[in-house]
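Step one of this worksheet: look at the structure below.
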Amino acid sequence: MNALQQFLAMGGYAAYVWPAYALFFAVLLADTLAPRLRRRRVLAELRARLARQSARQERKPLSTPASP
Amino acid sequence: MTAADTALPLLEARALSFFRQDEPVFAPLDFRLHAGELALVEGDNGSGKTTLLRMLAGLLHISAGELHWRGEPMQRDRCAGEILFLGHQLGLKADLSPRENLRIAAGLHGMREGAGAASVLARIGLRGYEDEPVRRLSAGQKKRAALARLLLLPASLWLLDEPYANLDRIGIALVNDLLESHTDTGGAAMVTSHGTVSFHGGEPRRIRMHD
Amino acid sequence: MASWIPLWLHKLGSPPTFYRFAGALQPWAMALALLLGAIGLYGGLVLAPADYQQADAYRIIFIHVPSAWMSMFIYAVMGVASFVALVWRIKLAEVVAMESAPIGAAFTFITLVTGSLWGKPMWGTWWTWDARLTSELVLLFLFLGVIGLYHAFEDRRQGARAAAFLAIIGIINVPIVHFSVNWWNTLHQGSTVNVFGQSKISADMLWPLLTMTLATKFYYLASLFSRARTDLLALEGGKDWVRKIAEDEASR
Amino acid sequence: MMNRPSLASACAAMLRRDLTLAWRRRGDIAMPVLYALIVTMLFPFALGPEDTLLQRIAGGVVLVTVLLAMLLALDAMFASDIEDGSLEQLVLAPQPLALMLGMKILAHWLATALPLIVIAPLMAAMLHLPGVVIPVLLLALVLATPLLSLLGAVLVALTAGTRRSGMLLALMLLPLCVPAVIFAAGAVAAAQQGLPWLAPVAWLAAALVLAVVLAPLACAAALRIALDA
Chain A
1099 MNALQQFLAM GGYAAYVWPA YALFFAVLLA DTLAPRLRRR RVLAELRARL
1149 ARQSARQERK PLSTPASP
Chain B
2 MTAADTALPL LEARALSFFR QDEPVFAPLD FRLHAGELAL VEGDNGSGKT
52 TLLRMLAGLL HISAGELHWR GEPMQRDRCA GEILFLGHQL GLKADLSPRE
102 NLRIAAGLHG MREGAGAASV LARIGLRGYE DEPVRRLSAG QKKRAALARL
152 LLLPASLWLL DEPYANLDRI GIALVNDLLE SHTDTGGAAM VTSHGTVSFH
202 GGEPRRIRMH D
Chain C
6 MASWIPLWLH KLGSPPTFYR FAGALQPWAM ALALLLGAIG LYGGLVLAPA
56 DYQQADAYRI IFIHVPSAWM SMFIYAVMGV ASFVALVWRI KLAEVVAMES
106 APIGAAFTFI TLVTGSLWGK PMWGTWWTWD ARLTSELVLL FLFLGVIGLY
156 HAFEDRRQGA RAAAFLAIIG IINVPIVHFS VNWWNTLHQG STVNVFGQSK
206 ISADMLWPLL TMTLATKFYY LASLFSRART DLLALEGGKD WVRKIAEDEA
256 SR
Chain D
3 MMNRPSLASA CAAMLRRDLT LAWRRRGDIA MPVLYALIVT MLFPFALGPE
53 DTLLQRIAGG VVLVTVLLAM LLALDAMFAS DIEDGSLEQL VLAPQPLALM
103 LGMKILAHWL ATALPLIVIA PLMAAMLHLP GVVIPVLLLA LVLATPLLSL
153 LGAVLVALTA GTRRSGMLLA LMLLPLCVPA VIFAAGAVAA AQQGLPWLAP
203 VAWLAAALVL AVVLAPLACA AALRIALDA
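Protein chains in written order, with the numbering used here: chain A, 1099 to 1166; chain B, 2 to 212; chain C, 6 to 257; chain D, 3 to 231.
Below is the structure:
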């Protein structure tokens, strides 16, 4: 327990060392998550577009009569 | 087979297409344009007429296909000065007069400004407006001021995007006259228009744009 | 296309191939980054002894210095990819250049803030107008400029080309900034602080540092892969291979 | 076919065109000058009227104010030409685009930076800069302002295809200006302390020579990217 406290105290520099490490991990975590969220959004948009397109294609034969 | 078909075409497109955001703007195009020919580019709004003309002028990068100028791959400096482009935006400075605008165009084409400007402006129907700032001209008069470039500068190919827009009946006849004398003297032109246009001089070639 | 580009590179440059390739490698790169990071941090925070001058405050070095190296490394990658993108118009190069920029900005930001946190206890100030610090700040602005320019365009590929151009201008500029600030410091004597005084570093401290450097490299690779994959999906939205992916993921 | 006289006359036409346009809108020329004067006026009010303090910061304030005033005018360099299609005509003209853009940049420098240089002694006097330093300040401005115009032109060309460009331009340009500011202000500061000021001026001159050669080429390439959509 004492060793852990000593480790966390960082020789009195805890106020500088741990925020630095916290920032490091926070920024990189955000950097890792951003593309995942964006990927989900891009795929959702794509699926919506595909759905629109297929809906249009189903309508099409009705609006344009068969031509030779 | 006429003689024109066997001669080297001025402009030849093979499977030419343009992509915007990876979507083709128009289906691949094949056409040839010989000296003395007039081609009418037809298509609905959004069919890519303007895009095609901007690409032919060299403003847009060709996405796929080939474009040949006098039998050789089109390159910027090979056809420089031989093509005149008139787009939706007329390329006139509103603060300058038609005469000054013409003088700049002549200067950029390495020509000495001469007495040509006055007679060109008279022929185009802007007599009396030579020194009026373009800002104060009507839309049709602005169009005429831009068309004056075609008369002043020597070029073998004209690329005209909607040249009839904003023009009255006399103006339309004027454009037809210009096109006729240009093709008669061995020039070629490509014209976009979504309206129907009647040419006096023969039936123009038609290039149909599809999505 | 230039015929001297190796064939494998040309194949890898095709979006669906790269998408699969990056998808296969990304978890491994991330796993390696995490493993090396854990080892490096254990070595740096626990095993390495305290510095005889700086005591425990020096332990910021294990994230600060690798981040600083990464900020420059990523800028270099972005510059090379930008050059390739502009000259050969390869879409993958555009994607690599543009998706490197946010990662580079992240590492540059980390470098600046951790440097500040290290500087306060060591030389008593959060910031000094030293050549290194100023160049790093300019680097951050350049990364942000590239990102901003990229997103200012309606057409993504046009934006990528413009931003790639800016990245190349920046490459020329950063050394000039460094040089000019060095010169400036000779003019304004007294405001200089010896940032990295003693460069002798013991082996106990060196191996965690190098391990962390490797970890950040693999992290960059992993992050770049996942960003590039997402970007390719967005850019190639109309293509069949992307549609298939969209449908497959929906059914899952 | 294109021989030298035609090139020279094209350059002259370009230069005359832009200068005529600037002259027709004289009011726009006055704007950066007024802006610079007003900003300079604010400093004594913000910092107090102590001569020693104002003297110390005078050189730097004049330089940074001139830089910001130029930034203000930079945005408009290609805007109207893109809007009315004259840029397309310029790109398609059978002349080397880089040279024509060089003329445009020269005209822009004459219309915006030169008036600022002319009033720079006034700005310096408002901040009590010693008279002997003013020639060095002018020399530094004469070398640094074209550098900013050239660098700025490249970046304006890059943002030409976008709609919101003002703040973005500042974000991109200002970091790139750091060396120019350092050397120009360094020369003034050295002269003020009675130190040799030739070295920073020489560096500025070297950078200017490099920029005169490279920037128009880069500007042409950037504009082609901006128009290609």
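Cβ atoms here follow ideal geometry from the backbone N, Cα and C, with glycine treated the same way.
Listed from N- to C-terminal order along the chain, which residues in the region 33-56 of chain C have their beta-carbon within a distance smaller than 8 Å of any beta-carbon of chain D?
none
Sequence-distant residues of its chain with Cβ nearer than 8 Å to L225(D) (five each side left out):
Here residue 225(D) refers to the residue found at position 223 when the fourth sequence is read from its first residue. Contacts found: F80, L89, V93, L99, L103, A159, A162.
Would you mind reading off the limits of the beta strand (DSSP E) that contains F86(B)?
One-based indexing of the second sequence puts residue 86(B) at position 85. Unbroken beta strand (DSSP E) run through F86(B): 84-87.
Quick check for students: name the residue ranges of the alpha helix (DSSP H) that lie wholly in the region 14-85 of chain C, counting only runs of 4 or more.
20-46
Pull up the CB-CB distance for F86(B) and L153(B), whole angstroms please, since I reckon it's below 8 Å.
Reading the second sequence from its first residue, position 85 is the one you call residue 86(B). Reading the second sequence from its first residue, position 152 is the one you call residue 153(B). Between L153(B) and F86(B) the Cβ distance is about 15 Å, and since that is not below 8 Å, they are no contact.
Buried or exposed for L17(C), going by 16 or more other Cβ atoms inside 10 Å?
Stepping through the third sequence from its first residue, residue 17(C) is reached at position 12. L17(C) is exposed by the Cβ-count criterion.
In its own chain, which residues sit with a C-beta less than 7 Å from the C-beta of N199(C), not counting the 5 before and 5 after it?
Mapped onto the third sequence, residue 199(C) falls at position 194. A caution first: N199(C) carries a pLDDT of 49, below 50, which makes its placement in the model unreliable, though a value can still be read off. So the list is empty, once near-sequence residues are dropped.
Please compile the residues from chain A whose C-beta is within a distance smaller than 8 Å of the C-beta of W123(C).
Mapped onto the third sequence, residue 123(C) falls at position 118. Going along chain A in sequence order, the residues near W123(C) (Cβ under 8 Å) are Y1114, A1118.
If you measure beta-carbon to beta-carbon, which residues of the region 235-257 of chain C are closer than 9 Å to chain B?
L240, E241, G242, G243, K244
Just reading off the alpha helix (DSSP H) that G66(B) is part of, what are its end residues?
Against the second sequence, residue 66(B) aligns to sequence position 65. Counting along the chain, G66(B) falls outside any alpha helix (DSSP H), though it belongs to the beta strand (DSSP E) covering 65-70.
Output the boundary residues of the beta strand (DSSP E) element that contains A40(B).
For the purposes of this step, residue 40(B) is taken as the residue at position 39 of the second sequence. First-last of the beta strand (DSSP E) with A40(B): 39-43.
Could you tell me the distance, in whole angstroms, from the CA atom of L158(B) to the CA atom of M174(D)?
Translated into positions along the second sequence, residue 158(B) becomes position 157. Translated into positions along the fourth sequence, residue 174(D) becomes position 172. Near 40 Å, if we compare the C-alpha coordinates of M174(D) and L158(B).
Since I184(D) meets chain C, which of its residues come closer than 8 Å, beta carbon to beta carbon?
Here the question's residue 184(D) lines up with position 182 in the fourth sequence. Result: S185, V186, W188, W189.
For P198(D), count neighbouring Cβ atoms within 10 angstroms of its own Cβ and tell me buried if that reaches 16, exposed if not.
As a first step, residue 198(D) must be located in the fourth sequence, where it is residue number 196. Flag for P198(D) reads exposed.
Would the beta-carbon of L229(C) fall within 8 Å of that of E99(C)?
Working through the third sequence from its first residue, we reach residue 229(C) at position 224. Working through the third sequence from its first residue, we reach residue 99(C) at position 94. No, Cβ-Cβ distance for L229(C) and E99(C) is not below 8 Å.
Any contact between the region 238-252 of chain C and the region 56-75 of chain D? By contact I mean 3 or more CB pairs, one from each, below 8 Å.
no
Where the alpha helix (DSSP H) through I208(B) begins and ends:
The residue given as residue 208(B) occupies position 207 in the second sequence. First-last for I208(B): 206-209, but that is the beta strand (DSSP E), not the alpha helix (DSSP H).
Is R26(D) closer than 8 Å to D132(B) when the C-beta atoms are compared?
On the second sequence, position 131 is the one that residue 132(B) refers to. On the fourth sequence, position 24 is the one that residue 26(D) refers to. The answer is no: Cβ separation not under 8 Å.
Which residues bound the alpha helix (DSSP H) around W159(B)?
Here residue 159(B) corresponds to residue number 158 of the second sequence, with the count starting at 1. Here W159(B) belongs to no alpha helix (DSSP H); instead the beta strand (DSSP E) covers 158-162.
Distance check for G117(B) and M169(D), CA to CA, integer angstroms please.
Here residue 169(D) refers to the residue found at position 167 when the fourth sequence is read from its first residue. Here residue 117(B) refers to the residue found at position 116 when the second sequence is read from its first residue. Cα to Cα, M169(D) sits roughly 45 Å from G117(B).
Around the Cβ of E101(B), are there at least 16 other Cβ atoms within 10 angstroms (buried) or fewer (exposed)?
By one-based count along the second sequence, residue 101(B) stands at place 100. Label assigned to E101(B): buried.
Cβ neighbours of A73(C) in the same chain (closer than 6 Å, five flanking residues each side left out):
Working through the third sequence from its first residue, we reach residue 73(C) at position 68. Answer for A73(C): T116, listed in chain order.
Whole angstroms are fine: how far does the CA of A147(B) sit from the CA of Q91(D)?
For this step, residue 91(D) is matched to residue 89 along the fourth sequence. For this step, residue 147(B) is matched to residue 146 along the second sequence. One C-alpha to the other measures close to 11 Å.
Using 8 Å as the threshold, is the region 79-94 of chain C in touch with the region 205-222 of chain C, meaning 3 or more CB pairs across them?
no
So T42(D) packs on M125(D), CB below 8 Å; how close in whole Å?
Within the fourth sequence, residue 42(D) is the residue found at index 40, counting from 1. Within the fourth sequence, residue 125(D) is the residue found at index 123, counting from 1. With 8 Å as the limit, T42(D) and M125(D) qualify as a contact, their Cβ atoms being about 4 Å apart.
Less than 8 Å between CB atoms is the rule here; does R267(C) satisfy it with respect to chain B?
Nothing about residue 267(C) can be reported from this structure: the residues present for chain C run from 6 to 257 only.
Just to check my reading of the structure: L109(B) and A12(D) have Cβ atoms closer than 8 Å, yes? What is that Cβ distance to the nearest angstrom?
Residue 109(B) sits at position 108 when you count from the first residue of the second sequence. Residue 12(D) sits at position 10 when you count from the first residue of the fourth sequence. Confirmed, about 5 Å.
DSSP state of R33(B) mapped onto helix, strand, coil:
The sequence position of residue 33(B) within the second sequence is 32, counting from 1. Strand, per DSSP.
Three-state class that DSSP yields for A189(B) in the structure shown
Mapped onto the second sequence, residue 189(B) falls at position 188. Correct three-state label for A189(B): strand.
What's the gap between the Cα of V1115(A) and the Cα of A62(C)?
Indexing the first sequence from 1 puts residue 1115(A) at position 17. Indexing the third sequence from 1 puts residue 62(C) at position 57. Whole-angstrom Cα-Cα distance: 6 Å.
Should G172(B) be flagged as near chain D, meaning a C-beta pair shorter than 8 Å?
As a working mapping, residue 172(B) is identified with position 171 in the second sequence. It does not; no Cβ of chain D falls within 8 Å.
Please classify A98(C): does DSSP put it in a helix, a strand, or coil?
What you label residue 98(C) is simply residue 93 of the third sequence in a count that begins at 1. Three-state result, A98(C): helix.
Please list the terminal residues of the continuous alpha helix (DSSP H) segment that includes R124(B).
Along the second sequence, one-based indexing puts residue 124(B) at 123. Segment 117-124, the alpha helix (DSSP H) holding R124(B).
Against chain B, does M4(D) count as a neighbour if the rule is that its beta carbon must be under 8 Å from one of theirs?
Looking up residue 4(D) in the fourth sequence gives position 2. For M4(D), the pLDDT reaches just 45, beneath the cut-off of 50, and the residue's location in the model is therefore unreliable, although a value from the coordinates is still provided. Taking Cβ atoms only, chain B reaches closer than 8 Å to M4(D), which makes this a yes.
Is it right to say E67(B) is buried, meaning 16 or more other beta carbons lie within 10 angstroms of its own, or is it exposed?
Residue numbering aside, residue 67(B) sits at position 66 when the second sequence is read from its first letter. E67(B) comes out exposed.
Name the chain D residues that come within less than 8 Å of R1(B), Cβ to Cβ?
Because chain B here runs from 2 to 212, residue 1(B) falls outside it and cannot be looked at.
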